[in-house]
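Have a look at the structure below before the remarks.
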Amino acid sequence: MRNGPGGTDRAVSVTVGYVMTLAISTLLLSGLFVAGGSFVETQRERAAQGELTVVGERIAADLGTVDRLVASAESPENLTANRSVTLPNRVAGTGYRVRVSANGTEGTIALESEQTDATVEVPFRTRKNVTVANATVDGGDLRIWWDRDADGGDGAVVVRGR
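Going from the sequence shown to this note's numbering is simple: count from 1 and add 123.
Structure below.
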């Protein structure tokens, strides 16, 4: 075997070149898959946040509707107010939880996606004489109603899953 021009080491250089091309191609493709996977996950999280914001605003609007009904009633102890809210069971392909908490006239609706890190908080306000009972429910259809026996007999707006 001769090395050099016209020698037999040319077959080795073709094999080494082929292996190097495969190695570089594998590295590039795996880098693209990793980058593409994180891009898709980021887009899924953004989509979930957008959908959760819309759901939270719908719940806040319906809480406001029941709140206004109770506040405008002459005698809320005799009032019956019941609001069914139809919401999606899933956002961005995953389930979610709704947590309603209130302190005085201000409250927060916190929505959390189960599989993504998307979390959204939507504030809401109520009138002075209306209390919103704290609740945590799974996403999907809700029922918001005035319960005149809640909150020690003073009455409260209650949120529950259907």
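Built from N, CA and C at the ideal position, the CB exists for glycine as well.
Contact annotation: the segment 206-226 touches the segment 173-190, with at least three C-beta pairs closer than 8 Å. Closest by C-alpha distance to residue 218, out of 262, 183, 273, is 262.
Listed in chain order, the non-local C-beta contacts of residue 259 below 8 Å within the same chain comprise 220, 221, 222, 223, local neighbours out to five positions each way being set aside. In the three-state reduction of the DSSP assignment, residue 180 falls in the helix class.
Around the CB of residue 147, fewer than 16 other CB atoms lie within 10 Å, so the residue is classed as exposed. Within the segment 173-259, the complete beta strand (DSSP E) segments of 3 residues or longer fall at 205-208, 219-226, 229-236, 242-248, listed in chain order. By the Cβ criterion, the segment 203-212 is in contact with the segment 183-194, since at least three pairs of Cβ atoms, one from each stretch, lie closer than 8 Å. Of all alpha-carbon atoms in 145, 226, 169, the one lying nearest the alpha-carbon of residue 250 is that of 226. Judged by their CB atoms, residue 254 and residue 279 are nearer to each other than the 8 Å cut-off. Annotation: residue 180 to residue 198 spans about 28 Å, alpha carbon to alpha carbon.
Bridge pairing for residue 279: 270 [DSSP]. In chain order, 239, 240, 241 place their CB closer than 7 Å to the CB of residue 168, counting only its own chain and leaving out the 5 sequence neighbours on each side.
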